[in-house]
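Mapping the sequence shown onto UniProt numbering, position 47 (from 1) lands on 47, and the numbers just tick up by one.
These notes concern the structure reproduced below.
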Amino acid sequence: MRAVVAREMDGRRVSGWVWRQRLAVRGALEDAGFGTEARNQNQPRGSHQRSGLLGDQPFPGLLPKNLSREELVDTLRAAVVDRKGPLVTLNKPQGLPVTGKPGELTLLSVLPELSQSLGLGERELQVVRASGKESSGLVLLSSCPQTTSRLQKFFIHARRAQRPTATYCAVTNGIPATSEGKIQTALKLEHIDGVNLSVPVKTPSRKDILEGVKKTLSHFRVLATGSGCALVQLQPLTVFSSQLQVHMVLQLCPVLGDHTYSARVGTVLGQRFLLPSESTKRKTQVLDEALLRRLHLTPSQAAQLPLHLHLHRLLLPGTRARDTPIELLAPLPPYFSRTLQCLGLYLQ
């Protein structure tokens, strides 16, 4: 059941590390799980296409707009990275919602067609674990209700024991003050500007907890830095809407492409500080001129920058209680790899 990722994160093999300082970065990436050799070549379309530093487009590998149901099913079928027994693992494109309103094109809405396309017959796939709409990465599906129930119980028990099962990678605009640590805060959903947004609660009362405020916890580890940005490994130990994005904002390092929460970080004379969540309106993430040059983007292109948050690794239980956990891995999207190249966070 072990899914795979190529040595270079977008599916290509690393040719070598030329600069001495990159050796430490390489070691950190491999420790984080980015160095596994590829065994399964059934990766998303475009993952093997070699693009130069600039490429033909600023964000290669994004999900095309206005897809038909048939085209989305074909895209998801091509995004399968592993199949074993009743389990199917996808590398979900950024921007595809898992659920939505009736009539909307979502992952859930096309599962019957995807099940047929994969030859499962009457055994329709169910979602076990998935990255959110704005993030990319692993989606775990199951065609067996008993397996689905067993895995969901495993994830619940792991959260209660504070054992991380999901590992994300993110590029942040800014570098955390410490190389690793925990981020703990209580969060609540608040209706702001017509949408529900996650807002920190400093000292939640028992009444707050009963009314939906949740204590959240994430681990973070900085893998590489460059050009005022960082490649960060994130492991959530709780589940809450936009938890990782808000946690990185609290570190004054919003995720690159976060056009929802990054406005909560203000800057005066080069010093960053938090703005009040309730009174800060959402707006397109603002990048300084030096970073735009490194990314080879115009301000209008930066306004379309996708969220650089990717569910890279999942741990599943072995067949027996004492078995080593099974590791599922998904390559980074091409636009994510392009950003790493532009920022010098790893070598081609």
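Glycine included, C-beta positions come from ideal geometry on N, C-alpha and C.
Going by beta carbons, H310 and S198 fall outside the 8 angstroms limit. Leaving aside the five residues that flank V139 on each side, the residues in its chain whose CB is nearer than 6 angstroms to its CB run, in chain order, L90, K92 and A130. With distances taken between CA atoms, L329 lies nearest to L314 out of L314, P204 and V80. Non-local C-beta neighbours of T147 in its own chain, meaning closer than 6 angstroms and more than five positions away in sequence, comprise P86, ordered along the chain. Considering only V265, S337, C253 and N196, the residue with the shortest C-alpha distance to N173 is C253.
Per DSSP, H310 is one residue of the beta strand (DSSP E) stretching across L309 to L316. When L234, L187 and L345 are compared, the shortest CA-CA separation from I209 is found for L187. Nearest to P164 by C-alpha distance, out of T324, L316, R264 and T339, is L316.
If only complete runs of 3 or more residues are kept, the stretch 107-163 shows the beta strand (DSSP E) at 126-130 and 136-142, in order along the chain. N173 is bridged by DSSP to C229. Here S205 is exposed. Its C-beta has fewer than 16 other C-beta atoms within 10 Å.
The C-beta separation of L62 from G95 comes to about 7 angstroms, placing the pair in contact by the 8 angstroms criterion.
In the DSSP assignment, L87 falls within the unbroken beta strand (DSSP E) covering L87 to K92. In this chain, D288 is not harboured by any beta strand (DSSP E), its DSSP state being neither H nor E. The C-alpha of Y168 is placed about 24 angstroms away from the C-alpha of L125.
S117 and C342 have their C-alpha atoms roughly 38 angstroms apart. Of all C-beta pairs linking the stretch 102-122 to the stretch 175-186, fewer than three are shorter than 8 angstroms, placing the two stretches out of contact. Of all alpha-carbon atoms in D288, L217 and L307, the one lying nearest the alpha-carbon of R160 is that of L217. Residue range E180 to I192 is occupied by the beta strand (DSSP E) that includes K182. In the assembly as shown, I156 is an exposed residue. Its beta-carbon has fewer than 16 other beta-carbons within 10 Å. Residue burial annotation: D258 is buried, with at least 16 other C-beta atoms found within 10 angstroms of its C-beta. For T267, the enclosing beta strand (DSSP E) begins and ends at V265 to V268. Assigned with DSSP and collapsed to three states, Q243 falls in helix. With fewer than 16 other beta carbons inside 10 angstroms of its own, H296 counts as exposed. Pairwise C-beta distances place the stretch 301-308 in contact with the stretch 255-271, as three or more of them are shorter than 8 angstroms. Distance from the CA atom of K202 to the CA atom of D74, rounded to whole angstroms, is 46 angstroms.
In the DSSP assignment, K84 falls within the unbroken beta strand (DSSP E) covering V80 to K84. With contacts defined as CB atoms closer than 8 angstroms, V88 and V98 fail to qualify as a contacting pair. Between F220 and I183, the gap from beta carbon to beta carbon is short of 8 angstroms.
Counting along the chain, Q301 sits inside no beta strand (DSSP E); it lies in the alpha helix (DSSP H) bounded by residues P299 to A302. Counting only residues of its own chain and dropping the five nearest sequence neighbours on each side, L292 has a CB closer than 8 angstroms to the CB of T298, P299 and A302.
By the Cβ-count criterion, F336 is buried, with 16 or more other Cβ atoms from all chains shown falling within 10 Å of its own Cβ.
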